[in-house]
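Working notes, beginning with the structure itself.
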Amino acid sequence: MTFYFAFWKTFRSRPMAALAALFWHVTGRKVRARNRLRISLAQSPKAYPIWINTIERQADIVAQAQGVMASWRYRPLFTVLTHQTCDWNQATVDALRDMMRSQAYPAWEVVIVRASQTAILDVGDAAGCRFADKRADSAADALRIGIAESQGDYLLPLPSSAVLPATSLFRYAEALQAQPDARLLFGDNDWIDRQGARRSPWFKPEWNEELIFAQDYVSQAMTVSRKAAVMAAHASPDDIPLTPYAVALSMTGADRQAMVHVPHIQAHLPEVQIAECADARLSVVQARLDQLNLRASASIGRYQMVKVDWPLPTPMPMVSIIIPTRDKVSLLRACVDGLLTGTSYEPFEILVVDNGSQQTSTLTYLDQLSRHPAVRILRDDRPYNFSQLNNMAAAKAEGSYLCLLNNDTEILDDSWLTALMRQAVRPSAGAVGARLLYADRSIQHAGVVVGLGDAAGHAHRFAASADLGYFGRTHAAQYVSAVTAACLVVAKDKYLAVGGL
Numbered sequence: 004m005t006f007y008f009a010f011w012k013t014f015r016s017r018p019m020a021a022l023a024a025l026f027w028h029v030t031g032r033k034v035r036a037r038n039r040l041r042i043s044l045a046q047s048p049k050a051y052p053i054w055i056n057t058i059e060r061q062a063d064i065v066a067q068a069q070g071v072m073a074s075w076r077y078r079p080l081f082t083v084l085t086h087q088t089c090d091w092n093q094a095t096v097d098a099l100r101d102m103m104r105s106q107a108y109p110a111w112e113v114v115i116v117r118a119s120q121t122a123i124l125d126v127g128d129a130a131g132c133r134f135a136d137k138r139a140d141s142a143a144d145a146l147r148i149g150i151a152e153s154q155g156d157y158l159l160p161l162p163s164s165a166v167l168p169a170t171s172l173f174r175y176a177e178a179l180q181a182q183p184d185a186r187l188l189f190g191d192n193d194w195i196d197r198q199g200a201r202r203s204p205w206f207k208p209e210w211n212e213e214l215i216f217a218q219d220y221v222s223q224a225m226t227v228s229r230k231a232a233v234m235a236a237h238a239s240p241d242d243i244p245l246t247p248y249a250v251a252l253s254m255t256g257a258d259r260q261a262m263v264h265v266p267h268i269q270a271h272l273p274e275v276q277i278a279e280c281a282d283a284r285l286s287v288v289q290a291r292l293d294q295l296n297l298r299a300s301a302s303i304g305r306y307q308m309v310k311v312d313w314p315l316p317t318p319m320p321m322v323s324i325i326i327p328t329r330d331k332v333s334l335l336r337a338c339v340d341g342l343l344t345g346t347s348y349e350p351f352e353i354l355v356v357d358n359g360s361q362q363t364s365t366l367t368y369l370d371q372l373s374r375h376p377a378v379r380i381l382r383d384d385r386p387y388n389f390s391q392l393n394n395m396a397a398a399k400a401e402g403s404y405l406c407l408l409n410n411d412t413e414i415l416d417d418s419w420l421t422a423l424m425r426q427a428v429r430p431s432a433g434a435v436g437a438r439l440l441y442a443d444r445s446i447q448h449a450g451v452v453v454g455l456g457d458a459a460g461h462a463h464r465f466a467a468s469a470d471l472g473y474f475g476r477t478h479a480a481q482y483v484s485a486v487t488a489a490c491l492v493v494a495k496d497k498y499l500a501v502g503g504l
């Protein structure tokens with residue numbers, strides 16, 4: 004989308020915001036100008052329709068599909084698995100058949116598993132659509148039966164209420180051209196309201212092994228699993244997980260390159276649908292944790308996110324909390340006093356790096372702190388350099404883990420360091436960061452996203468701390484592009500291995 008196209012779209016609904024962006028554009032601050040327009044457009048009810056028309060262009064992709072596929076060497080067969088329940092009628096089957104016939108990609112089959120006591124329906128002469136030989140007493144049975152009777156290379160469980168856009172299988176097959184050994188593929192999805200309008204697109208991140216434990220962000224986008232990988236992960240067909248989410252979780256621990264995000268809307272879901280059962284999801288997560296022998300426990304957190312408490316070693320390792328400072332004693336006092344009285348984790352030490360403080364009140368407080376057995380004062384009068392100050396302190400730290408902490412932070416929860424250390428001690432963890440709030444309890448930091456605003460930025464900045472955020476992301480542990488050094492925990496050996504800051 005060009006700047007002037009976005010400007011015109013914004014000007015029609017928010018003229019002052021558009022003119023402000025134009026000012027930044029003509030004065031050379033083009034990144035700021037584009038970001039102003041993006042924010043304005045995102046707040047418009049027309050934002051998603053504009054995206055559909057200018058970015059998605061589904062009709063154009065369907066028209067080009069045959070030409071694109073002509074050069075493909077790999078044409079996997081997809082098995083679409085669905086469950087005929089008691090509310091099905093002939094119109095349901097006809098709609099399913101017509102939807103599949105509209106697919107731009109031709110190599111597919113549909114296996115319909117009848118529930119017990121359901122009517123016998125007819126798929127007509129639709130090639131590729133068939134009913135399974137066995138009937139199922141539950142959705143779990145239907146999934147197992149469908150997998151057992153499938154002939155495809157990849158499996159796509161499809162709720163009867165979901166709609167696949169005509170480009171869905173084409174997009175999955177297209178992704179497999181680059182990664183033919185993918186174990187799991189998932190896309191984005193949106194919802195269809197009662198008037199048939201598309202809304203609320205859920206644009207997913209890449210495979211995020213931490214987030215997948217917190218929420219099922221893949222199954223609603225019609226997860227596609229490699230059949231061989233599903234079968235290899237289980238001793239027998241009767242041992243296959245009961246839900247698409249469980250199948251996705253069974254892939255955790257695999258090579259990340261084998262888990263492919265297809266960045267397109269791959270499914271439309273009805274606005275009214277049965278709410279997800281958090282307890283059922285929790286049991287699936289705990290079962291997977293137990294299967295992997297990770298000694299971790301799971302519980303339901305805010306907004307139905309699953310919270311995983313990863314185990315801490317015994318004895319717990321020493322953490323060196325490094326705080327660079329210069330005067331501003333009121334900030335430092337609130338920070339350090341909060342650490343000493345509001346931190347349940349132990350053992351820890353505090354290294355206050357005094358970068359040339361001169362005020363009497365500050366020097367008096369530092370002298371008092373130096374007598375505390377858990378505090379050391381390190382003096383460094385060189386010109387201010389954040390990296391140098393932290394690196395100097397890290398070299399003198401006695402802890403096997405480092406916590407970089409700004410002097411203007413205050414402790415809100417005494418389990419803060421325990422929560423960070425549960426992540427930091429995991430071998431797979433690099434740097435671990437915390438959600439930080441401004442004084443008004445809005446979000447300052449909830450992870451850094453590279454690419455945000457054509458550069459990088461803090462996700463959910465200025466959102467209220469209690470807000471759901473983007474599909475619950477402000478209340479879920481997750482991998483992010485980067486975390487801020489305002490509050491960062493990292494193993495000391497990893498810090499030193501990369502040369503510090």
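Start counting the sequence shown at 4; every next residue gets the next number (my numbering). Using N, Cα and C, we set each Cβ at its ideal position, and we do this for glycine too. Quick caveat, the model's predicted, so the values are computed rather than measured.
Identify every residue that forms a DSSP beta bridge with Ile195. For Ile195, which the question treats as bridged, DSSP gives the partners Arg201, Pro273.
Residue ranges of each alpha helix (DSSP H) run of no fewer than 4 residues wholly in the stretch 375-420, ordered along the chain? Runs of the alpha helix (DSSP H) inside the stretch 375-420: 389-399.
Give me the DSSP bridge partner(s) of Thr85. Partner(s): Ile115.
Compute the Euclidean distance between the alpha carbons of Asn393 and Thr328, then round it to the nearest angstrom. Roughly 11 Å separates the two Cα atoms.
Just verifying my parser: in three-state terms, what is the DSSP assignment at Ile64? Shown here, Ile64 sits in a helix according to DSSP, grouped into three states.
From the DSSP secondary-structure annotation, give me the bridge partner or partners of Met262. Among the bridge pairs identified by DSSP, Met262 is matched with Leu187.
Where Cys490 falls, given that 16 or more other Cβ within 10 Å makes a residue buried: Cys490 is buried by the Cβ-count criterion.
Return the Cβ separation of Val263 and Leu188 in integer angstroms, given the expectation that the two are a contact with Cβ distance under 8 Å. A Cβ-Cβ separation of about 5 Å places Val263 in contact with Leu188 under the 8 Å criterion.
Segments of 3+ residues assigned as beta strand (DSSP E) that fall wholly inside the stretch 443-474: Complete beta strand (DSSP E) runs here, min 3: 446-448, 451-453, 459-461.
Would you call Pro183 buried or exposed, if buried means 16 or more other Cβ atoms sit within 10 Å of its Cβ? Its Cβ having fewer than 16 others within 10 Å, Pro183 is exposed.
From Ile55, Gln198, Met308, Val287, pick the residue whose C-alpha is nearest to that of His267; which is it? Nearest Cα to His267 within the set Ile55, Gln198, Met308, Val287: Ile55.
Over what stretch of residues does the alpha helix (DSSP H) that includes Pro247 continue unbroken? Element bounds for Pro247: 247-252.
Distance check for Glu349 and Gly402, CA to CA, integer angstroms please. Going by the C-alpha atoms only, they are around 11 Å apart.
Quick check on the burial criterion: 16 or more other C-beta atoms within 10 angstroms. Buried or exposed for Pro3? Given that the chain is displayed from residue 4 to residue 504, the structure contains no residue 3 and the question cannot be resolved.
Please report the straight-line C-alpha distance between Phe173 and His478, rounded to a whole angstrom. Phe173 and His478: Cα-Cα distance of roughly 34 Å.
Cys1: first and last residue of the uninterrupted beta strand (DSSP E) it sits in: What the structure shows of the chain is the stretch from 4 to 504, and residue 1 is not part of that stretch, so it cannot be assessed.
Is it the case that the Cβ atoms of Thr88 and Leu161 are separated by a distance below 8 Å? Result no, Cβ atoms of Thr88 and Leu161 do not sit closer than 8 Å.
Within this structure, are the beta carbons of Leu292 and Ala301 separated by less than 8 Å? A contact, by the Cβ cut-off of 8 Å.
Within 10 angstroms of its Cβ, does Ala469 collect 16 or more other Cβ (buried), or is it exposed? Note on Ala469: under 16 other CB atoms within 10 angstroms of its CB, so exposed under the neighbour-count rule.
Under 7 Å Cβ to Cβ from Met102, same chain only, skipping five residues before and after it: list those, please. Val166, Leu167.
Tell me where the alpha helix (DSSP H) around Ile53 begins and ends. Taken as a continuous stretch (DSSP letters only), the alpha helix (DSSP H) holding Ile53 covers 50-54.
DSSP on Val29, reduced to helix/strand/coil? Val29: helix per DSSP, three-state reduction.
Looking at the secondary structure, which residues open and close the alpha helix (DSSP H) in which Ser74 lies? Segment: none, Ser74 is in no alpha helix (DSSP H) and carries neither H nor E.
How big is the Cα-Cα spacing for Ala3 and Thr246? Nothing about residue 3 can be read from this structure; the chain reaches only from 4 to 504.
Ala68 vs Ala122 beta-carbon contact at 8 Å: Going by beta carbons, Ala68 and Ala122 fall outside the 8 Å limit.
Kindly give me the distance between the Cβ atoms of Ile148 and Ala142, rounded to whole angstroms, as I take these residues to be in contact under 8 Å. In fact, because the Cβ distance is near 11 Å, the residues do not count as touching under 8 Å.
Kindly indicate the opening and closing residues of the alpha helix (DSSP H) around Lys495. From DSSP, the alpha helix (DSSP H) with Lys495 extends over 495-500.
What is the rounded straight-line gap between the Cα of Asp258 and the Cα of Ser228? Each residue's CA atom was taken as its position, placing Asp258 and Ser228 some 14 Å apart.
Taking only the alpha-carbon atoms, compute the straight-line gap between Pro386 and Thr365 and give it to the nearest angstrom. For Pro386 and Thr365, the distance between alpha carbons rounds to 18 Å.
In whole angstroms, what separates the C-alpha of Ile195 from that of Gln391? Each residue's alpha carbon lies about 54 Å from the other.
Measuring straight from C-alpha to C-alpha, what distance separates Gln481 and Ile326? Taking the straight line from one Cα to the other gives about 26 Å.
Pop quiz: Ala2 and Val493 are said to be a contact at Cβ under 8 Å. What is the actual Cβ separation, rounded to whole angstroms? Given a span of 4 to 504 for the chain in the structure shown, any question on residue 2 remains unanswerable.
Identify which residue in Glu274, Lys207, Gln218, Pro318 has its Cα closest to the Cα of Met424. Comparing Cα-Cα distances from Met424 to each of Glu274, Lys207, Gln218, Pro318, the minimum goes to Pro318.
Which first and last residues belong to the beta strand (DSSP E) in which Ile123 is found? Taken as a continuous stretch (DSSP letters only), Ile123 belongs to no beta strand (DSSP E), as it is neither H nor E.
Measure from the alpha carbon of Val378 to the alpha carbon of each residue in Asn358, Glu352, Asp63, then state which is nearest. Residue Glu352 is the option with its Cα nearest to Val378.
What are the boundary residues of the alpha helix (DSSP H) that includes Leu99? Looking at the DSSP string, the run of the alpha helix (DSSP H) that includes Leu99 is 93-104.
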